[in-house]
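Structure first, then comments.
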Amino acid sequence: MPKNLLDEMQEQRLLKIEHYGVWFCFWALGVAIIVQQLLGLPFVQYAGEMIIFTILAVYLLVSCLKAGIWDRHLRPTLKTNLIISTITAIVFSSVVTVMKYIRYEACRENLFLTLGIFVIIAVQLFILCFIALWLTSRIYKKRRNCLEDNCEIEKNDR
119 MPKNLLDEMQ
129 EQRLLKIEHY
139 GVWFCFWALG
149 VAIIVQQLLG
159 LPFVQYAGEM
169 IIFTILAVYL
179 LVSCLKAGIW
189 DRHLRPTLKT
199 NLIISTITAI
209 VFSSVVTVMK
219 YIRYEACREN
229 LFLTLGIFVI
239 IAVQLFILCF
249 IALWLTSRIY
259 KKRRNCLEDN
269 CEIEKNDR
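Just so you know, the sequence shown maps onto residues 119 to 276 in this note's numbering.
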């Protein structure tokens with residue numbers, strides 16, 4: 119590995135640039151996938167974006183959990199998990215419901231069917247998202263405790 123030619127300030131700026139670049143690409147890929155689904159394109163046409171998006175999401179999740187980091191602004195609480203699960207369920211159920219409404223005449227003719235689709239998908243997404251957040255927050259808390267205990271052990275050894 120070549121010698122690092124950046125001073126601390128430049129290193130911080132580079133990290134910030136990379137941070138914004140990664141998050142821009144992450145959300146741009148997410149939007150691109152949703153738009154392609156709304157347009158009714160075959161999965162094969164956006165499978166590459168989906169694979170990259172998934173790999174990036176898993177990498178960010180695993181890296182943050184390994185480092186004992188949850189979020190800058192939110193704590194892993196039951197209330198937070200409920201709010202995030204609700205927002206996620208409403209947003210993505212709305213997208214799927216609009217897609218079904220556009221594609222299927224039966225949905226356009228029967229609004230109760232469309233509402234039923236929304237409710238069923240929203241409930242399923244809420245449950246899945248809540249379970250995923252709950253499990254992830256438990257893993258985070260265990261990892262955080264482990265990291266804190268190791269730090270205390272290292273301090274006592276000195």
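Beta carbons: idealized from backbone N, C-alpha and C, even for Gly.
Check this for me: beta carbons of residue i and residue j, under 8 angstroms apart or not?
i: LEU265; j: GLY186; result: yes
i: GLU167; j: ILE152; result: no
i: THR198; j: LYS218; result: no
i: PHE260; j: PRO194; result: It is worth fixing the name first, because residue 260 is Lys in this sequence and not Phe. No, the pair does not count as a contact, with Cβ atoms beyond the cut-off.
i: ILE170; j: LEU147; result: yes
i: GLY158; j: ARG221; result: yes
Closest by CA to residue i, which one among the options?
i: GLN163; options: ALA224, PHE171, GLN154; result: GLN154
i: SER212; options: ILE173, LEU157, ALA240; result: ALA240
i: ILE201; options: ASP267, ARG190, LEU251; result: LEU251
i: VAL196; options: LYS121, THR254, HIS137; result: It is Leu, not Val, that sits at residue 196 in the sequence shown. Checking every option, the nearest Cα to that of LEU196 belongs to THR254.
i: ILE245; options: ILE208, ASN268, LEU229; result: ILE208
i: LEU156; options: ASP189, LEU229, LEU133, PHE210; result: PHE210
With residue i and residue j assumed to form a contact (beta carbons below 8 angstroms), what rounded beta-carbon distance in angstroms separates them?
i: LEU243; j: THR206; result: 6 angstroms
i: PHE161; j: SER203; result: 26 angstroms between Cβ atoms; not a contact.
i: LEU174; j: PHE144; result: 6 angstroms
i: LEU192; j: ILE257; result: Not confirmed; about 16 angstroms, so no contact.
How far does the alpha helix (DSSP H) with residue i in it extend, from its first residue to its last?
i: LEU156; result: 126-156
i: TYR222; result: From DSSP, TYR222 is part of no alpha helix (DSSP H); its letter is neither H nor E.
i: MET168; result: 161-185
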